[in-house]
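Q: Structure below; questions to follow.
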Amino acid sequence: MRIRTQRGAALLALVLITVLGLIAFLVSDLVRHNPKRVAERSANEKLGQAREALIGHASRAWCAGTGNQALPYLPCPSGIDGQAPASCPGTAINRLPWSTIGTGPLTDAAGECFWFERGGTTAVVYAPGAAEGGQSRNPAAGGLCSSGSQASFLELGVPTSNDIRLTITESDIPKPTACRPPGGPGVPGNGNPACQAARDVFLSYLVFSPSPGANNCRTTGNNYRQECIDAAAAINNASPACSSQCVNAANAAMSAACRQNFQGASCRNIETDFGGC
Numbered sequence: 007m008r009i010r011t012q013r014g015a016a017l018l019a020l021v022l023i024t025v026l027g028l029i030a031f032l033v034s035d036l037v038r039h040n041p042k043r044v045a046e047r048s049a050n051e052k053l054g055q056a057r058e059a060l061i062g063h064a065s066r067a068w069c070a071g072t073g074n075q076a077l078p079y080l081p082c083p084s085g086i087d088g089q090a091p092a093s094c095p096g097t098a099i100n101r102l103p104w105s106t107i108g109t110g111p112l113t114d115a116a117g118e119c120f121w122f123e124r125g126g127t128t129a130v131v132y133a134p135g136a137a138e139g140g141q142s143r144n145p146a147a148g149g150l151c152s153s154g155s156q157a158s159f160l161e162l163g164v165p166t167s168n169d170i171r172l173t174i175t176e177s178d179i180p181k182p183t184a185c186r187p188p189g190g191p192g193v194p195g196n197g198n199p200a201c202q203a204a205r206d207v208f209l210s211y212l213v214f215s216p217s218p219g220a221n222n223c224r225t226t227g228n229n230y231r232q233e234c235i236d237a238a239a240a241i242n243n244a245s246p247a248c249s250s251q252c253v254n255a256a257n258a259a260m261s262a263a264c265r266q267n268f269q270g271a272s273c274r275n276i277e278t279d280f281g282g283c
């Protein structure tokens with residue numbers, strides 16, 4: 007009788023453990039597939055992408071500038087076209103300048119374009135989420151982003167807001183220590199100002215970038231940044247004033263073999279070869 011009782015208790019415990027495990031699995035699965043959580047994960051991934059592109063832009067601009075602080079080198083917020091204006095107030099908020107930083111349009115799970123705030127001490131990228139309360143938005147008419155006032159998208163300072171944000175501080179942007187590799191040997195054309203100016207455009211995207219080893223002249227698909235296209239044309243058009251070493255580096259950087267990264271045999275010496283410009 008005692009043995010049967012023990013077996014019954016063990017079976018009951020096993021059933022209880024199985025049921026609890028099943029409940030835990032179902033709860034975990036519900037949390038994982040909760041629409042709000044899914045939206046947050048998607049937004050956070052794209053916010054991280056925007057952050058890296060903004061930091062890369064600021065680093066390149068800082069490299070070519072003379073200021074002691076990095077945040078002023080972040081691009082200005084843009085309109086819905088994604089093109090950052092040349093100047094803006096010390097604190098400005100509008101859409102993320104996706105065209106200027108080369109990410110392409112970035113939207114959250116609600117299909118809304120990201121917003122960007124550039125301030126004196128911090129910068130913030132926002133995923134506004136779906137409209138809430140009295141917010142009124144005009145759906146995009148043939149465009150990418152809905153139109154409307156800032157208040158129609160962001161609830162700044164509201165704890166219960168559905169805005170998802172990512173902050174960039176001064177310390178997040180690495181101070182440039184060397185914006186270009188050392189000059190190469192005294193090859194023909196080495197030191198030519200026109201060649202060096204075009205070369206520096208390449209180096210700002212290829213060497214001093216948030217993704218070392220990646221070809222950041224590439225934007226999406228098989229497309230390249232216009233700055234890199236113009237720089238390659240300038241180097242080729244200036245030949246032979248620009249050395250063959252410099253021309254080869256520019257053409258390799260724009261080639262299909264080096265489109266993604268510089269791991270291929272024909273891509274590994276690009277940085278060194280640009281030293282001959």
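Residue numbers 7 to 283, in our numbering, belong to the letters of the sequence shown in order. Glycine included, C-beta positions come from ideal geometry on N, C-alpha and C.
If we count the other Cβ atoms within 10 Å of its Cβ and call it buried at 16 or more, is S272 buried or exposed?
A: Position 266 of the sequence shown holds residue 272. Exposed: under 16 other Cβ atoms inside 10 Å.
Q: In its own chain, which residues sit with a C-beta less than 8 Å from the C-beta of P91, not counting the 5 before and 5 after it?
A: As a working mapping, residue 91 is identified with position 85 in the sequence shown. Taking P91 as the centre and dropping the five residues before and after it, the same chain places the C-beta of C82 and S84 closer than 8 Å to its C-beta, in chain order.
Q: When DSSP builds the beta bridges, which residues end up paired with Y230?
A: Position 224 of the sequence shown holds residue 230. Bridge partners of Y230: R224.
Q: Report yes or no: do the segment 173 to 181 and the segment 152 to 163 share at least 3 C-beta pairs separated by less than 8 Å?
A: no
Q: Per DSSP, what kind of secondary structure is C264 in: helix, strand or coil?
A: By one-based count along the sequence shown, residue 264 stands at place 258. Three-state DSSP puts C264 in a helix.
Q: Mapping the DSSP letters down to three states, classify R339 as helix, strand or coil.
A: Past the boundaries of the shown model lies residue 339; the chain is included only from 7 to 283, so the question cannot be answered.
Q: Expressed to the nearest angstrom, what Euclidean distance is found between the alpha-carbon atoms of D169 and P111?
A: Residue mapping note: residue 169 aligns to position 163 of the sequence shown, counting from 1. Residue mapping note: residue 111 aligns to position 105 of the sequence shown, counting from 1. Their backbone Cα atoms lie some 18 Å apart in a straight line.
Q: Per DSSP, which residues does F3 bridge with? Please list them.
A: With the chain represented from 7 up to 283, any question about residue 3 goes unanswered, as that position is not in the structure.
Q: Since R205 is in the alpha helix (DSSP H), which residue starts that stretch and which ends it?
A: As a position in the sequence shown, residue 205 is number 199, starting the count at 1. Note, R205: alpha helix (DSSP H), P199 to L212.
Q: What would DSSP say about R290, mapped onto helix, strand or coil?
A: No answer is possible for residue 290: the residues shown for the chain start at 7 and end at 283.
Q: Under DSSP, the beta strand (DSSP E) around R143 begins and ends at which residues?
A: Indexing the sequence shown from 1 puts residue 143 at position 137. Looking at the DSSP string, R143 is not in any beta strand (DSSP E), and its letter there is neither H nor E.
Q: What does the alpha-carbon distance come out to for the pair S65 and A203?
A: Position 59 of the sequence shown, counted from the start, is the residue given in the question as residue 65. Position 197 of the sequence shown, counted from the start, is the residue given in the question as residue 203. A straight-line Cα-Cα distance of about 17 Å links S65 and A203.
Q: Between which residues of its own chain and T113 is the CB-CB distance below 6 Å, once the five residues before and five after are set aside?
A: For this step, residue 113 is matched to residue 107 along the sequence shown. Same-chain partners within the cutoff: C119.
Q: So what's L160 in DSSP terms, helix, strand or just coil?
A: To locate residue 160, count along the sequence shown from 1; it is residue 154. Correct three-state label for L160: coil.
Q: Relative to the C-alpha of P78, which candidate in A116, D87, G88 and H63 has its C-alpha closest?
A: Counting from one through the sequence shown, the residue named residue 78 turns up at place 72. Taking only the C-alpha atoms, the option nearest P78 is H63.
Q: Measuring CB to CB, does L102 end up less than 7 Å from A56?
A: In the sequence shown, the residue the question calls residue 102 occupies position 96. In the sequence shown, the residue the question calls residue 56 occupies position 50. Yes, the pair counts as a contact, with Cβ atoms nearer than the cut-off.
Q: Can you tell me whether G108 is buried or exposed, with buried defined as 16 or more other CB within 10 angstroms of its CB?
A: The count along the sequence shown starts at 1 and reaches residue 108 at position 102. Label assigned to G108: buried.
Q: Count the other CB atoms, across all protein chains shown, that sit within 10 Å of the CB of P134; report buried if there are 16 or more and exposed otherwise.
A: On the sequence shown, residue 134 is found 128 positions in, with the first residue counted as 1. It counts as buried.
Q: Output the distance between the C-alpha atoms of V37 and R265, rounded to the nearest integer angstrom.
A: Locating residue 37 in the sequence shown gives position 31, where the first residue counts as 1. Locating residue 265 in the sequence shown gives position 259, where the first residue counts as 1. Low confidence applies here, because V37 scores a pLDDT of 46, under 50, leaving its location unreliable; read the following figure in that light. Here the alpha carbons of R265 and V37 stand approximately 40 Å from one another.
Q: Alpha carbons only, please: which of A247, N100 and D87 is nearest the one belonging to A157?
A: The residue given as residue 157 occupies position 151 in the sequence shown. For A157, the nearest C-alpha among the options comes from N100.
Q: For T173, which of helix, strand or coil comes out of DSSP?
A: Taking the sequence shown and counting its residues from 1, the one referred to as residue 173 is at position 167. If DSSP states are grouped into helix, strand and coil, T173 belongs with the strands.
Q: By DSSP, does S65 sit in helix, in strand, or in coil?
A: Position 59 of the sequence shown, counted from the start, is the residue given in the question as residue 65. It is helical.
Q: I'd like the list of long-range same chain contacts for A258, defined as Cβ closer than 7 Å, with 5 residues on each side in sequence excluded.
A: Taking the sequence shown and counting its residues from 1, the one referred to as residue 258 is at position 252. Only C264, S272, C273 and I276 meet the Cβ criterion.
Q: Who are the near neighbours of L284 in its chain, counting only those whose CB is closer than 6 Å to its CB and skipping five residues on each side?
A: Residue 284 is absent from the model: the chain starts at 7 and stops at 283.
Q: Between the C-alpha atoms of V162 and C94, what's the straight-line distance to the nearest angstrom?
A: Translated into the one-based positions of the sequence shown, residue 162 becomes position 156. Translated into the one-based positions of the sequence shown, residue 94 becomes position 88. Checking the displayed sequence, the identity of residue 162 turns out to be Leu instead of Val. Between L162 and C94, the C-alpha separation is close to 20 Å.
Q: Assuming C252 is part of the alpha helix (DSSP H), what are its boundary residues?
A: Reading the sequence shown from its first residue, position 246 is the one you call residue 252. Per DSSP, C252 belongs to the alpha helix (DSSP H) from S250 to A259.
Q: For S84, which residues does DSSP report across the bridge?
A: For the purposes of this step, residue 84 is identified with residue 78 of the sequence shown, where counting begins at 1. S84 is bridged to R101.
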